[in-house]
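S.K.:
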Amino acid sequence: MYPLLGFLLGSSWLLFIGSPSGFGLGSNWLLYIGVPLIIGIWAQIRVSSAFSRWSKVRASGNITGAECAREILQAAQIHDVNVVETNDFLGDHYDPTKKQLHLSSNVYNTPSVAALGIAAHESGHAIQHARAYAPLKARMAIVPVTMIASQMLPFIIIGGLFFGITGLITLGIWCYLILLVFQLITLPVEFDASRRAKIILREMGIIQPGEEAVGVNKVLNAAALTYIAAFVAALGNLLWLMSIRDRR
Ligand SMILES: [Zn+2]
Numbered sequence: 166m167y168p169l170l171g172f173l174l175g176s177s178w179l180l181f182i183g184s185p186s187g188f189g190l191g192s193n194w195l196l197y198i199g200v201p202l203i204i205g206i207w208a209q210i211r212v213s214s215a216f217s218r219w220s221k222v223r224a225s226g227n228i229t230g231a232e233c234a235r236e237i238l239q240a241a242q243i244h245d246v247n248v249v250e251t252n253d254f255l256g257d258h259y260d261p262t263k264k265q266l267h268l269s270s271n272v273y274n275t276p277s278v279a280a281l282g283i284a285a286h287e288s289g290h291a292i293q294h295a296r297a298y299a300p301l302k303a304r305m306a307i308v309p310v311t312m313i314a315s316q317m318l319p320f321i322i323i324g325g326l327f328f329g330i331t332g333l334i335t336l337g338i339w340c341y342l343i344l345l346v347f348q349l350i351t352l353p354v355e356f357d358a359s360r361r362a363k364i365i366l367r368e369m370g371i372i373q374p375g376e377e378a379v380g381v382n383k384v385l386n387a388a389a390l391t392y393i394a395a396f397v398a399a400l401g402n403l404l405w406l407m408s409i410r411d412r413r
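For the sequence shown, our numbering begins at 166 and goes up steadily by one.
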């Protein structure tokens with residue numbers, strides 16, 4: 166989990182408000198800012214509705230997300246990863262630097278189809294890490310520079326667009342390029358974690374074929390959509406900023 170989607174959608178608004186030419190850029194505005202915003206909001210609605218629907222369905226295996234993650238890690242011979250509870254809603258993620266698997270309370274304590282799907286997905290990241298899965302290593306390597314780029318971006322956009330400093334617009338383009346590369350590397354990492362999760366849940370008998378398996382697929386596929394939306398948003402923001410620079 167943990168896409169930069171919310172951040173990217175926020176920066177789309179900022180880019181739009183800050184562009185003096187605004188609608189003057191015509192169809193570019195719709196294509197680079199409008200369409201990604203709609204896709205992003207739609208993906209967020211899809212993921213929260215899939216989660217809320219399938220978190221009401223109790224899996225017959227009757228184990229919580231935390232128990233599910235611990236069982237999967239044990240079966241994969243991973244003994245140095247801690248499964249911990251976090252209060253952030255949908256804040257589930259695996260932290261490779263601390264070897265900690267963070268599960269939100271709704272997942273940690275609940276034996277629902279949604280909780281098991283997410284717990285298995287995060288365990289999938291821990292397995293990727295233990296097996297030195299190359300895209301995960303690549304993503305870890307560019308996390309620091311991605312953090313710097315995303316922290317600088319609001320100031321760069323405000324300085325570049327609101328105060329008309331062209332040098333900052335060029336810097337902003339570089340920042341979006343970094344975010345775009347990060348989102349691109351994120352795609353195989355996330356798809357692979359979900360692919361592993363579905364196989365493991367079935368093979369370990371944690372999720373039964375039929376309705377339970379369908380629910381896991383719906384939740385994980387909706388989550389995958391948010392990563393595609395974040396990639397589209399990063400691409401749209403980058404192209405928009407480039408078209409603004411070209412008009413100056
Ligand atoms: Zn993930």
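In this text, a Cβ means the ideal position worked out from N, Cα and C, and glycines have one as well.
No experiment lies behind these values; they were computed from the predicted model shown.
The alpha helix (DSSP H) with residue 349 in it runs from where to where?
M.R.: Segment 331-368, the alpha helix (DSSP H) holding residue 349.
S.K.: Under the three-state reduction of DSSP, which class applies to residue 298: helix, strand or coil?
M.R.: coil
S.K.: Could you give the distance in angstroms between the alpha-carbon of residue 349 and the alpha-carbon of residue 289?
M.R.: 19 Å
S.K.: Roughly how many angstroms separate the alpha carbons of residue 234 and residue 407, rounded to a whole number?
M.R.: Approximately 44 Å, taken between the alpha carbons.
S.K.: Give me the residue from 317, 337, 378 with the minimum Cα distance to residue 365.
M.R.: 378
S.K.: Less than 8 Å between the CB of residue 290 and some heavy atom of ligand 1, yes or no?
M.R.: yes
S.K.: Check whether the Cβ of residue 151 lies closer than 8 Å to any heavy atom of ligand 1, and answer yes or no.
M.R.: The chain is shown from 166 up to 413; residue 151 falls before or after that span and cannot be answered.
S.K.: With DSSP run on the structure shown, which of helix, strand or coil describes residue 247?
M.R.: If DSSP states are grouped into helix, strand and coil, residue 247 belongs with the strands.
S.K.: Distance, Cα to Cα, residue 209 vs residue 174?
M.R.: So the two alpha carbons sit approximately 11 Å from each other.
S.K.: Kindly indicate which three-state DSSP category residue 270 falls into: helix, strand or coil?
M.R.: helix
S.K.: Could you pull out every residue in the same chain whose Cβ sits closer than 8 Å to the Cβ of residue 324, ignoring the five residues on either side in sequence?
M.R.: These residues qualify, in order along the chain: 330, 333.
S.K.: Mapping the DSSP letters down to three states, classify residue 411 as helix, strand or coil.
M.R.: helix
S.K.: Would DSSP call residue 288 helix, strand or coil?
M.R.: helix
S.K.: Taking just the CA atoms, how far does residue 339 sit from residue 312?
M.R.: Distance between the alpha carbons of residue 312 and residue 339: 13 Å.
S.K.: Considering only residues of the same chain and omitting the five flanking positions on each side of residue 238, which have a CB-CB separation below 7 Å?
M.R.: 246, 288, 291
S.K.: Taking the alpha-carbon of residue 306 as reference, which of 346, 280, 341, 274 has the nearest alpha-carbon?
M.R.: 346
S.K.: Report the three-state DSSP secondary structure of residue 373 (helix, strand or coil).
M.R.: Of the three classes helix, strand and coil, the one that applies to residue 373 here is coil, per DSSP.
S.K.: Mind checking which residues open and close the alpha helix (DSSP H) that includes residue 226?
M.R.: First-last for residue 226: undefined, no H or E at that position.
S.K.: Within its chain, find whatever has a CB closer than 6 Å to the CB of residue 293; leave out the 5 residues flanking it on each side and keep chain order.
M.R.: 301
S.K.: Tell me where the alpha helix (DSSP H) around residue 255 begins and ends.
M.R.: Taken as a continuous stretch (DSSP letters only), residue 255 belongs to no alpha helix (DSSP H), as it is neither H nor E.
S.K.: Under 8 Å from any heavy atom of ligand 1, does the C-beta of residue 267 make it?
M.R.: no
S.K.: Report the three-state DSSP secondary structure of residue 209 (helix, strand or coil).
M.R.: helix
S.K.: Return the first residue and the last residue of the alpha helix (DSSP H) that residue 230 is part of.
M.R.: 230-240
S.K.: What residues in its chain sit with their C-beta under 8 Å from that of residue 420, if we drop five residues either side in the sequence?
M.R.: Here the chain has residues from 166 to 413 only, and residue 420 is not among them.
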